[in-house]
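The opening residue of the first sequence carries number 14 in this note's numbering; numbering runs sequentially from there.
Everything on this sheet refers to the single structure shown next.
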Amino acid sequence: MARYNAKESEKHWQAEWETRALFATPGHSDKPKCYVLEMFPYPSGRIHMGHVRNYTMGDVIARFRRAQGFNVLHPMGWDAFGLPAENAARDKGVSPRDWTYENIAAMREQLKMMGLSLDWSREFATCDVEYYHQQQKLFLDFYKAGFVYRSEADVNWDPVDMTVLANEQVIDGRGWRSGAVVERRKLSQWFFKITAFADELLAALDTLERWPEKVRLMQKNWIGKSEGLRFQFSLSNGEKLDVFTTRPDTLFGASFVALSPDHPLTQELAKKDAKLEAFIAECRKTGTAEAEIEKAEKLGYDTGLTAAHPFDPDWQLKVMVANFVLMGYGTGAIFGCPAHDQRDLDFARKYKLSVTPVVVPSDADPKTFDVGKEAYTGPGKLANSRFLDGMTVEQAKAEVAARLEKAGIGERTVNYRLRDWLVSRQRPWGCPIPMIHCEKCGVVPVPKDQLPVKLPEVINFNVKGNPLDADTAWKTATCPACKGHAVRDTDTLDTFADSSWYFTRFTAPDFDEPVNKAAADYWLPVDQYIGGIEHAILHLLYARYFTRGTAKLGMVKVSEPFAGLFTQGMVCHETYKDDAGNWVSPEEIEKRDGKAFLRDTGQEVTIGASEKMSKSKKNTIAPETIIAEYGADTIRWFMLSDTPPERDIEWTDAGAEGCWRFVQRVWRLCTEAAGLAAPGTPVSADDDVSKALRQATHKAIAAVTEHLEHLRFNSAVAQLYTLSNTIGASDKANPAARREALEALVLLSAPMMPHLAESCWQALGHDRLAAETPWPKFDPALTASDSVTIAIQVNGKRRGEITMAKNADNKDVEAAALADEGVKRALDGKPPKKVIVVPNRIVNIVV
RNA sequence: GGCCCCGUGGCGGAAUUGGUAGACGCACCGGACUUAAAAUCCGUUGUUCCGCAAGGGACGUGACCGUUCGAGUCGGUCCGGGGCCACCA
Numbered sequence: 014m015a016r017y018n019a020k021e022s023e024k025h026w027q028a029e030w031e032t033r034a035l036f037a038t039p040g041h042s043d044k045p046k047c048y049v050l051e052m053f054p055y056p057s058g059r060i061h062m063g064h065v066r067n068y069t070m071g072d073v074i075a076r077f078r079r080a081q082g083f084n085v086l087h088p089m090g091w092d093a094f095g096l097p098a099e100n101a102a103r104d105k106g107v108s109p110r111d112w113t114y115e116n117i118a119a120m121r122e123q124l125k126m127m128g129l130s131l132d133w134s135r136e137f138a139t140c141d142v143e144y145y146h147q148q149q150k151l152f153l154d155f156y157k158a159g160f161v162y163r164s165e166a167d168v169n170w171d172p173v174d175m176t177v178l179a180n181e182q183v184i185d186g187r188g189w190r191s192g193a194v195v196e197r198r199k200l201s202q203w204f205f206k207i208t209a210f211a212d213e214l215l216a217a218l219d220t221l222e223r224w225p226e227k228v229r230l231m232q233k234n235w236i237g238k239s240e241g242l243r244f245q246f247s248l249s250n251g252e253k254l255d256v257f258t259t260r261p262d263t264l265f266g267a268s269f270v271a272l273s274p275d276h277p278l279t280q281e282l283a284k285k286d287a288k289l290e291a292f293i294a295e296c297r298k299t300g301t302a303e304a305e306i307e308k309a310e311k312l313g314y315d316t317g318l319t320a321a322h323p324f325d326p327d328w329q330l331k332v333m334v335a336n337f338v339l340m341g342y343g344t345g346a347i348f349g350c351p352a353h354d355q356r357d358l359d360f361a362r363k364y365k366l367s368v369t370p371v372v373v374p375s376d377a378d379p380k381t382f383d384v385g386k387e388a389y390t391g392p393g394k395l396a397n398s399r400f401l402d403g404m405t406v407e408q409a410k411a412e413v414a415a416r417l418e419k420a421g422i423g424e425r426t427v428n429y430r431l432r433d434w435l436v437s438r439q440r441p442w443g444c445p446i447p448m449i450h451c452e453k454c455g456v457v458p459v460p461k462d463q464l465p466v467k468l469p470e471v472i473n474f475n476v477k478g479n480p481l482d483a484d485t486a487w488k489t490a491t492c493p494a495c496k497g498h499a500v501r502d503t504d505t506l507d508t509f510a511d512s513s514w515y516f517t518r519f520t521a522p523d524f525d526e527p528v529n530k531a532a533a534d535y536w537l538p539v540d541q542y543i544g545g546i547e548h549a550i551l552h553l554l555y556a557r558y559f560t561r562g563t564a565k566l567g568m569v570k571v572s573e574p575f576a577g578l579f580t581q582g583m584v585c586h587e588t589y590k591d592d593a594g595n596w597v598s599p600e601e602i603e604k605r606d607g608k609a610f611l612r613d614t615g616q617e618v619t620i621g622a623s624e625k626m627s628k629s630k631k632n633t634i635a636p637e638t639i640i641a642e643y644g645a646d647t648i649r650w651f652m653l654s655d656t657p658p659e660r661d662i663e664w665t666d667a668g669a670e671g672c673w674r675f676v677q678r679v680w681r682l683c684t685e686a687a688g689l690a691a692p693g694t695p696v697s698a699d700d701d702v703s704k705a706l707r708q709a710t711h712k713a714i715a716a717v718t719e720h721l722e723h724l725r726f727n728s729a730v731a732q733l734y735t736l737s738n739t740i741g742a743s744d745k746a747n748p749a750a751r752r753e754a755l756e757a758l759v760l761l762s763a764p765m766m767p768h769l770a771e772s773c774w775q776a777l778g779h780d781r782l783a784a785e786t787p788w789p790k791f792d793p794a795l796t797a798s799d800s801v802t803i804a805i806q807v808n809g810k811r812r813g814e815i816t817m818a819k820n821a822d823n824k825d826v827e828a829a830a831l832a833d834e835g836v837k838r839a840l841d842g843k844p845p846k847k848v849i850v851v852p853n854r855i856v857n858i859v860v
């Protein structure tokens, strides 16, 4: 029999599946539903190994569930708005639309070569007019419901490109494209009021049982709930000042009050105080980069004002402006308690402010306790605190809160680190925000019957700033309210908005409203979502928020979009560098004896660490090259083998060859097996070889099923290797047992190597496709053997083993154990003190 | 600085949840087939010691300590690697 021809076979079966529309999901079905989704790709133009890994895993689950009898939804689409298209447009003079759709066409072909069981009839791109049309409706619904608001905010402004930049696009304080120093600028921007859902989003994390603990924790930290007290100081100029603290118990340790440089009061004072204005400017120079903050010195400026201690009007605290107080958290003002906060301590030492410990550890003497250079943040008893003395931290917190609440100048509050989501982008390749600005009427939503607000056919990039803003014809609009002259909002929505509801849209992609409730309620939540850990916070949090928003509006039933989440690891490869220190790609090298040499010159190159595949390190492997060489099944099998799916996997040529060998091996087993029983022949096993083979078969079915249920692809793969080894060694088994084993091998590997499975299934004489064949069932009676091997330990060390009938009497087991030669030798005639028998497992003899 | 995760052969990694550590794959080595190679098949492979051999002993899951008849698994301390957040009051 000829070798397996992956190239021909794969093309053939892909066409066959398509002709039969096997993976188009019916709207209604009596079967239980299962929605399997992988994070949709950005259409960069070609798929990379990360996509291959991601979509292979999703496909295995989809095919596995389908075989198990689920009604499976497994769609694919394109996260198609965003900067790369604009950059390509600028650099190559093409339209971002053409560039994007050409990329989509190219990537669609590549994905199809992988043999994924996708329902392509539901495909859409977020840059499709129809998609962003629906998204604009959704935006207006959110606006109407009060989920969207417009506000002035500090943003990263690139003065050369004349645009706002995302935080990630600011590198060392400079715009990543222009290299210009980024300014902070106050601009009117649109926000989604995600903070209104902060508590829900936090609380519901506990219900997401099939999410990685790590992701839930990251979201929890990001939301950053802290409970504390907000209270008022009366200032010497007669004004009131709100501060937030999580440590009201340390109020008698206060030695100053500090304002953020951006605090309204600071701004007001600066108008009459040039030195303060200069100080504020100085503070702004410090970037937000981690390294800078690390080194940044605490800076302060004495405003000359004082604040009265809330429990003692005669106790006046200096009001300082301090660079370490952030306007974006709490109230932008704090009281400083140096003894119990490191930042306050650094500040107090520098400006010679008092340091009074008020919480003293239980093993220290309150009279002599000194914090030195490190603030004490641990537990203890209150001291130097008048009526709080002797209390625990918790008691004191409650007491202070109660007293200030009673006095009407304080209130227990909850503060979140989470900020509202700024969604305005001064970018032309995005979903236009459907709003109109009228001089008379202010901000007016575009009426729904005037939607969509379409992007212009031609976007001119030869302008400074946002091309939409420069496009007068596009920008000009009629005010829907007064019919007067008005202009459109020229900002587009953050592309994270596009990806925040696409999974809902997949449930009814052609519906003429954003959401078809019946379809959404049937399919949602997504049963298994798969993607990279890099989306642990942003995308997954936004999607959760959007779903809650749509649920509040009655558009969907569920409030959590993803019941199961899996975050897969990255794909890595060795790195190579030549003598000059330049990265060298794997294609340029040749390996001999564990060393690497340039293919052209024979010069040796240094082998570096295995790192995430990236263009910059030149350590990428193109999936299409591998598919062309070995076929899709081999690359799929590799992605699932050996390494657990959540960990980083290293691509190696040797590993790929190993996978290719296995493909051939399975093919050979199926095609070279002479004298198999006819399909459907009842299986019986009288001889030992056949019995053992049947047992191996049914054990494999049970194990592979179990492993796939839990996404342990690597363990499922190992089981299939074991089964194929057993089959290879069982040619003396009877024809029906061998058929049973081979059919199990084929069907169990079908989700992972679907094309090979079809070819083998056909070779085994079946007319129906493997993809249409139900998942094999195992007979529990056959997975168990009637005898067990029991290890014998003496004092915890293994000294022998015995084979016993299953569930043999403990006394018999003990007797057999004591009779074992190795055990006798180890006992050396000494009588056992105690014998522990764990049925069917182990015996431990203690002497 | 805070929070979290992970350390098992030459490598990727298994190990019913406290019960035979190293399944399975890669690599290596030996053998078969072949004129030869490729392909394929069979076998060996944690370290170390004793033995001509059959076989047997000791050590072994980052380190140390503890709990237990029994620890890769549970607890403590430390070492090493990684992640997320971070002047968040």
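Even for Gly, the Cβ is constructed at its ideal location relative to N, Cα and C.
Use the C-beta contact count for residue i: other C-beta atoms within 10 angstroms, 16 or more gives buried, fewer gives exposed.
| i | result |
| --- | --- |
| V851 | exposed |
| L537 | buried |
| F155 | buried |
| L230 | exposed |
| K394 | buried |
| S737 | buried |
| A763 | buried |
| P39 | exposed |
| D111 | exposed |
| W328 | exposed |
Compare the Cα-Cα distances from residue i to each of the options and report the closest residue.
| i | options | result |
| --- | --- | --- |
| D255 | L215, N234, T344 | T344 |
| R59 | K125, L50, T38, Q806 | K125 |
| I620 | K628, I602, P636 | I602 |
| H61 | Q280, A635, A531, G562 | A635 |
| D825 | G835, K846, L840, N853 | N853 |
| S800 | E785, W788, G813, A821 | A821 |
| K44 | G63, N84, F77 | N84 |
| R501 | S22, Q439, T786 | Q439 |
| A98 | Y55, E136, A118 | Y55 |
| P351 | P370, A75, F651 | P370 |
Excluding the 5 residues flanking residue i on each side, which residues of the same chain have their C-beta closer than 8 Å to its C-beta?
| i | result |
| --- | --- |
| A304 | Only weak support exists for where A304 lies, its pLDDT of 46 falling under 50; the value from the coordinates is given anyway. Excluding positions up to five away in sequence, the list is empty. |
| K20 | A641, G644 |
| L760 | A80, A770, W774, A783, T786, W788, P789 |
| K253 | Q245, F246, S247 |
Quick one: residues in its chain with C-beta nearer than 7 Å to the C-beta of residue i, no 5 flanking neighbours on either side, listed in chain order?
| i | result |
| --- | --- |
| N857 | Q806, G809, I849 |
| F509 | L551, H552, Y555 |
| A494 | C451, C454, V457 |
| K590 | W596, V597, V618, T619, G621 |
| K843 | V860 |
Are residue i and residue j closer than 7 Å when you measure CB to CB?
| i | j | result |
| --- | --- | --- |
| F337 | R356 | yes |
| F205 | D511 | no |
| P441 | L401 | no |
| H353 | V372 | yes |
| G423 | L242 | yes |
| T259 | S273 | no |
Excluding sequence positions up to five away, which residues of its chain have a Cβ less than 6 Å from the Cβ of residue i?
| i | result |
| --- | --- |
| F791 | H711, I714, A715 |
| C47 | R78, F83, V85, D540 |
Any heavy atom of the ligand SAM closer than 6 Å to the beta-carbon of residue i?
| i | result |
| --- | --- |
| A686 | Because no ligand of any kind appears in the structure shown, any question about the ligand SAM cannot be addressed here. |
Ranges of the beta strand (DSSP E) found wholly within the segment 398-485, counting only runs of at least 3 = 423-428, 448-451, 455-458
ask   = At what residue ranges does the segment 765-821 contain a whole run of the beta strand (DSSP E), taking only runs of 3 or more?
value = 800-807, 810-818
request  = Starting from the N-terminal side, write out each stretch of the beta strand (DSSP E) that is 3 residues or longer and does not extend beyond the segment 81-115.
outcome  = 84-86
ask   = In chain order, which beta strand (DSSP E) runs of at least 3 residues are fully inside the segment 554-627?
value = 578-581, 584-590, 602-605, 608-611, 617-625
task = Enumerate, from N- to C-terminal direction, the unbroken beta strand (DSSP E) stretches of 3 or more residues contained entirely within the segment 484-517.
result = 489-491, 498-501
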